[in-house]
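S.K.: The structure that follows is given in the form of structure tokens.
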Amino acid sequence: MSVHTHKRRNHSPLSQVVREYRDKHTLTQEQLASDLSVDVRTLRRWESGSTLLNDVRELRRVATLLGADPERLGIARNAYTALTLDQIDLAMNHIWDLTNLARSYEANALVERLVQDLNAQLVSENDLFLEKLAQSLHLAGYVKSVITRSHDSQYALNHYRDMERVARLLHNDTLLNIALTYEGDMLCRGGDIYQGIEYLEAARDKTPDADIAARGNGIQLLGRAYLRANRLKEFERAMAVAEELSSQINPLESSTCGQYSLGTVYEEYGRSYTHLGQTKQAMDYLDKAEQNLEPTKHWEILLKTARAMALVRGGEIQAGVALAIESIQQCREHGTIRLMERIYGIQHYLDRLTREIGNAGAPLREALDGPIEY
1 MSVHTHKRRN HSPLSQVVRE YRDKHTLTQE QLASDLSVDV RTLRRWESGS TLLNDVRELR
61 RVATLLGADP ERLGIARNAY TALTLDQIDL AMNHIWDLTN LARSYEANAL VERLVQDLNA
121 QLVSENDLFL EKLAQSLHLA GYVKSVITRS HDSQYALNHY RDMERVARLL HNDTLLNIAL
181 TYEGDMLCRG GDIYQGIEYL EAARDKTPDA DIAARGNGIQ LLGRAYLRAN RLKEFERAMA
241 VAEELSSQIN PLESSTCGQY SLGTVYEEYG RSYTHLGQTK QAMDYLDKAE QNLEPTKHWE
301 ILLKTARAMA LVRGGEIQAG VALAIESIQQ CREHGTIRLM ERIYGIQHYL DRLTREIGNA
361 GAPLREALDG PIEY
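Shown next, in the form of structure tokens:
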């Protein structure tokens, strides 16, 4: 018997869930079909209700990818079990793919559901399951950091603190390094740079068995923190180490899930030289970053905001502002709110520049025209 049954004009649970998901995230049928690894005609039949899906395993797969309760798809509670390791991997890979596409709010809804489900089925300290939980907390913290501004960094920090606890239970230095690294990064983001550096240095010094990608990523973010603390020599040393380590990994198969690579190191250099007032070096590094990063929407927006910063600080204000306005539109559309911080930084810089120019012009006007008499 076929796993599909043809039935016309039926509003099945599957058709309702699929339509709701598409409407909520404004997806085309082609986009969602690609996400679910089915052809468009199959998705259309599911959505119209002309085909009913009877395969419980396939329904569970769809539920996992859409973050839906299996019972909403008509699966009786006694017909399915807790998420398997393979299903957890499927969900996490899908969510990482969404982050690369800059479908941030969609990724957030799915990862929050995943973490909730994993915590609900945590009944024993199975090491393999705990490892997946830690990885899902890493993902949840990352996604939350993307969709929030710095004053809300506590939300992401909470996920990373949970990840740290699980990593310590497992005695897993790679997971612990990642947790400490991002705890430090979130503390820096929230304004506590010195405590952030303590966490980042702990990631570097207290996790000797962490893998290369985790160590390199942590050292790159430590370099960022050193720059914010105006510790320039330590910034340069850290970035040199991060650059050297990045050449030893395959970013797409690493523990940092593509978030650390030679391209990210070059982008970090680019932004750093922007703040140091070395615009040509900044733009050169951003060009190198573009050549080394995957051509995804996420990296496109990130590089656009970095170039806008460099142009404005380098004196090409009109071009930089035009690029910043483009970036704002993309950040809002895709939910990459963290990158909006860069645009706020541009606005603050321009406001300060305007005040300085006004203040500098006052004595000149007085010298030219004489003091204003009241």
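First residue of the sequence shown? That's 1 in UniProt numbering, and the numbers climb one at a time after it. Cβ atoms here follow ideal geometry from the backbone N, Cα and C, with glycine treated the same way.
1) Tell whether a beta-carbon distance below 7 Å holds between Leu101 and Gly67.
2) Report the rounded CA-to-CA distance for Ala229 versus Cys188, giving the unit in angstroms.
3) Taking DSSP as the reference, what is the three-state secondary structure of Leu52?
4) In three-state terms, what does DSSP make of Glu125?
5) Around the Cβ of Arg149, are there at least 16 other Cβ atoms within 10 angstroms (buried) or fewer (exposed)?
6) For Asp284 and Val62, what's the separation of their Cα atoms in angstroms?
7) In this structure, how does DSSP classify Val241 when only helix, strand and coil are distinguished?
8) What residue from Leu52, Tyr344, Glu244 has the CA that sits closest to Ala308's CA?
9) The alpha helix (DSSP H) that contains Leu200, what's its start and end?
10) What does the Cβ neighbour count give for Gln116, buried or exposed, with the cut at 16 atoms within 10 Å?
11) For Asp287, does the three-state DSSP call read helix, strand or coil?
12) I think Asn172 touches Ala203, with their Cβ atoms under 8 Å apart; what is that distance to the nearest whole Å?
13) In chain order, what residues of the same chain lie with their CB nearer than 6 Å to the CB of Leu175, ignoring the 5 residues before and after it?
14) Any heavy atom of the ligand GTP closer than 6 Å to the beta-carbon of Thr28?
15) Distance check for Ile357 and Asp369, CA to CA, integer angstroms please.
16) Just the C-alpha distance for Leu258 and Pro363, rounded to the nearest angstrom, thanks.
17) Identify, in the order they occur along the chain, each residue of the same chain with its Cβ nearer than 6 Å to the Cβ of residue 377, setting aside the five sequence neighbours on each side.
18) What residue range does the alpha helix (DSSP H) around Val265 cover?
19) Quick one: grab the DSSP three-state call for Ala214.
20) How many Å lie between Arg41 and Arg57 at the Cα?
21) Grab me the residues of Ile328's own chain with a C-beta within less than 8 Å of its C-beta, minus the 5 sequence neighbours each way, in chain order.
22) For Leu221, is the classification buried or exposed, using 16 other Cβ atoms within 10 angstroms of its Cβ as the cut-off for buried?
23) Would you call the segment 242-262 and the segment 270-279 touching, i.e. three or more CB-CB distances under 8 Å?
24) Looking at Asn292 and Tyr260, is the spacing between their C-beta atoms short of 7 Å?
25) Note down the Cα distance separating Tyr374 from Arg352, rounded to an integer number of angstroms.
26) Ignore the nearest five residues each way along the sequence and tell me which others in His151's own chain have a CB closer than 8 Å to its CB.
27) DSSP three-state call for Glu341: helix, strand or coil?
28) Just mark Asn108 as buried or exposed, buried being the case when its beta carbon has 16 or more other beta carbons within 10 Å.
29) Once DSSP output is grouped into helix, strand and coil, what is the label at Ala229?
30) Can you tell me where the alpha helix (DSSP H) with Ser34 in it begins and where it stops?
31) Here's a check: name, in chain order, each residue in its chain whose Cβ is nearer than 7 Å to the Cβ of Leu286, leaving out the five neighbours to either side.
32) Straight-line CA distance for Arg231 to Glu125?
33) Quick check: the segment 152-167 against the segment 135-144, are at least 3 beta-carbon pairs closer than 8 Å?
M.R.: Once the coordinates are examined:
1) no
2) 10 Å
3) strand
4) coil
5) exposed
6) 44 Å
7) helix
8) Checked all of Leu52, Tyr344, Glu244; the closest Cα to Ala308 is Tyr344.
9) Residues 193-205.
10) exposed
11) helix
12) Not a contact, Cβ separation roughly 13 Å.
13) Ala134, Ala167
14) Judged by which ligands are present, the structure shown has none, so any question about the ligand GTP falls away.
15) 18 Å
16) For the record, residue 258 in the displayed sequence is Gly; it is not Leu. Taking the straight line from one Cα to the other gives about 53 Å.
17) Given that the chain is displayed from residue 1 to residue 374, the structure contains no residue 377 and the question cannot be resolved.
18) 262-275
19) helix
20) Between the alpha carbons of Arg41 and Arg57 lies a distance of about 20 Å.
21) Met340, Ile343
22) Answer is buried; the Cβ neighbour count reaches 16.
23) no
24) With contacts defined by Cβ atoms closer than 7 Å, Tyr260 and Asn292 do not form a contacting pair.
25) Caution is warranted here: a pLDDT of 47 is assigned to Tyr374, below 50, making its placement in the model unreliable, and no coordinate value can be reported.
26) Counting only Cβ-Cβ distances below 8 Å, and skipping sequence neighbours, we find Gly190.
27) helix
28) buried
29) coil
30) Ser34 -> alpha helix (DSSP H) spans 29-36.
31) Glu267, Gly270, Leu303, Ala306, Arg307, Ala310
32) 42 Å
33) yes
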